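Participant: Handing you a structure now.
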Amino acid sequence: MIKNIFHPSIILNSRLQTGLRAPKQTGFTLIELVIVVVILGFLAATAIPKFVDLTEQAKQANIEGMAGGFATGVSLARSQWEAEARPKDTNNINMVNYDGTIVYLTSEDRTSSPTISPGYIVGTNSGAGINAKTMAIADCISVWNSLLQQPPSLASSVADINADGGFRYLANVTGSGSSTLCHYHLKETLSRNSTGAYIAPSPLTEVGNSFTYQPANSSVIIYINDKQP
3 MIKNIFHPSI ILNSRLQTGL RAPKQTGFTL IELVIVVVIL GFLAATAIPK
53 FVDLTEQAKQ ANIEGMAGGF ATGVSLARSQ WEAEARPKDT NNINMVNYDG
103 TIVYLTSEDR TSSPTISPGY IVGTNSGAGI NAKTMAIADC ISVWNSLLQQ
153 PPSLASSVAD INADGGFRYL ANVTGSGSST LCHYHLKETL SRNSTGAYIA
203 PSPLTEVGNS FTYQPANSSV IIYINDKQP
């Protein structure tokens, strides 16, 4: 027996299929393409300077944050020394056990110029006090590592920075006695030569973003040089 099967939807679908036509493919006209290029160029011209500015602001915020944390550490170490009745080691040198590390501090000297106030960290070497001898870069590094929680890696020379990309800061030291200054530079703000290698900053406070620490009076000063050579 032959059955006549009638299904309206089948007929409808068939009609729709025969009525469909592939859409016409269109692209950018030359004028539209030129307009798009002009708009992209305008956006790039306005966005890139803002991005560079934000990058410079981030570098400035970085060194300011590090200097702030460093200065806080200096104050906390001295406060602990005062709270513990100004302890000294067996050689009569001011010291304190700061967060598990024995650190040595300045001794008062009103005859030097500038004068030296007592209780400010000079390192972990008992012979490193500015009252006795000139501090070395190693002493500035030990101060950094003793005061900061999880301190960023600090190099003692530009050669070390160029040899190991893991370093984030550079240490230097200038002066002697009560005029001693520890310098700390943010690596990314140092100048580079034609091969891309970092160059030792000179003068120290006029290149890159940095801060100094003067143990004689606990002074911490920030130096911002936004535009790198």
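Counting along the sequence shown from 1, when you hit position 93 you're at 95 in this note's numbering, and nothing is skipped either side. Note that the Cβ used here is the ideal one computed from N, Cα and C, for glycine as well. All values reported here derive from a predicted model rather than from experimental measurement.
#1: Can the beta-carbon of residue 217 be found closer than 8 Å to that of residue 124?
#2: Would residue 121 be called buried (16 or more neighbouring beta carbons within 10 Å of its own) or exposed?
#3: What are the boundary residues of the beta strand (DSSP E) that includes residue 221?
#4: Establish whether the CB of residue 139 and some CB of chain B are separated by less than 8 Å.
#5: Cβ atoms of residue 138 and residue 98: under 8 Å apart, would you say?
#6: Would you identify the three-state DSSP class for residue 125, choosing helix, strand or coil?
#7: Could you tell me if residue 60 is buried or exposed, where buried requires 16 or more neighbouring beta carbons within 10 angstroms of its beta carbon?
#8: Tell me the DSSP bridge mates of residue 213?
#9: In terms of alpha-carbon separation, which member of 84, 185 and 222 lies closest to residue 209?
#10: For residue 54, count neighbouring Cβ atoms within 10 angstroms of its own Cβ and tell me buried if that reaches 16, exposed if not.
#11: Which residues share a DSSP beta bridge with residue 157?
#12: Any chance the segment 67-75 sits against the segment 148-160, with 3 or more Cβ pairs inside 8 Å?
#13: Return yes when the Cβ of residue 116 is within less than 8 Å of the Cβ of residue 180, no when it is not.
#14: Between the C-alpha atoms of residue 146 and residue 74, what's the straight-line distance to the nearest angstrom?
#15: Are the beta-carbon atoms belonging to residue 126 and residue 108 less than 8 Å from one another?
#16: Helix, strand or coil for residue 111? Go by DSSP, reduced to three states.
#17: Under the assumption that residue 193 contacts residue 173 (Cβ atoms under 8 Å), give the Cβ distance between them as a whole number of angstroms.
Facilitator: Reading from the atomic positions:
#1: Walking along the sequence shown from the start, residue 217 turns up at place 215. Walking along the sequence shown from the start, residue 124 turns up at place 122. A contact, by the Cβ cut-off of 8 Å.
#2: Here residue 121 corresponds to residue number 119 of the sequence shown, with the count starting at 1. Classification of residue 121: buried, given that the 10 Å Cβ count is 16 or more.
#3: The sequence position of residue 221 within the sequence shown is 219, counting from 1. First-last of the beta strand (DSSP E) with residue 221: 221-225.
#4: Reference to chain B is not applicable here, since this structure consists of a single protein chain.
#5: Here residue 98 refers to the residue found at position 96 when the sequence shown is read from its first residue. Here residue 138 refers to the residue found at position 136 when the sequence shown is read from its first residue. Not a contact, by the Cβ cut-off of 8 Å.
#6: The residue you call residue 125 lines up with position 123 of the sequence shown. Three-state DSSP puts residue 125 in a strand.
#7: Within the sequence shown, numbered from 1, the residue matching residue 60 stands at position 58. Classification of residue 60: exposed, given that the 10 Å Cβ count is below 16.
#8: Along the sequence shown, one-based indexing puts residue 213 at 211. BP columns for residue 213 point to 186 and 224.
#9: Locating residue 209 in the sequence shown gives position 207, where the first residue counts as 1. With distances taken between Cα atoms, residue 209 lies closest to 185.
#10: What you label residue 54 is simply residue 52 of the sequence shown in a count that begins at 1. Per-residue confidence for residue 54 stands at a pLDDT of 44, beneath the threshold of 50, marking its modelled position as unreliable; the derived number appears in the next sentence. Under this definition residue 54 is an exposed residue.
#11: Translated into the one-based positions of the sequence shown, residue 157 becomes position 155. Note: residue 157 sits in a beta bridge opposite 172.
#12: By the C-beta criterion, the segment 67-75 is judged to be in contact with the segment 148-160, since at least 3 inter-stretch pairs fall below 8 Å.
#13: Position 178 of the sequence shown, counted from the start, is the residue given in the question as residue 180. Position 114 of the sequence shown, counted from the start, is the residue given in the question as residue 116. Yes, the pair counts as a contact, with Cβ atoms nearer than the cut-off.
#14: Counted from its first residue, the sequence shown places residue 146 at position 144. Counted from its first residue, the sequence shown places residue 74 at position 72. When rounded, the distance between both Cα atoms is 12 Å.
#15: Indexing the sequence shown from 1 puts residue 126 at position 124. Indexing the sequence shown from 1 puts residue 108 at position 106. Not closer than 8 Å, so no.
#16: Here residue 111 corresponds to residue number 109 of the sequence shown, with the count starting at 1. It is a strand residue.
#17: As a working note, residue 193 is residue 191 in the sequence shown. As a working note, residue 173 is residue 171 in the sequence shown. Residue 193 to residue 173, Cβ: 17 Å. No contact.
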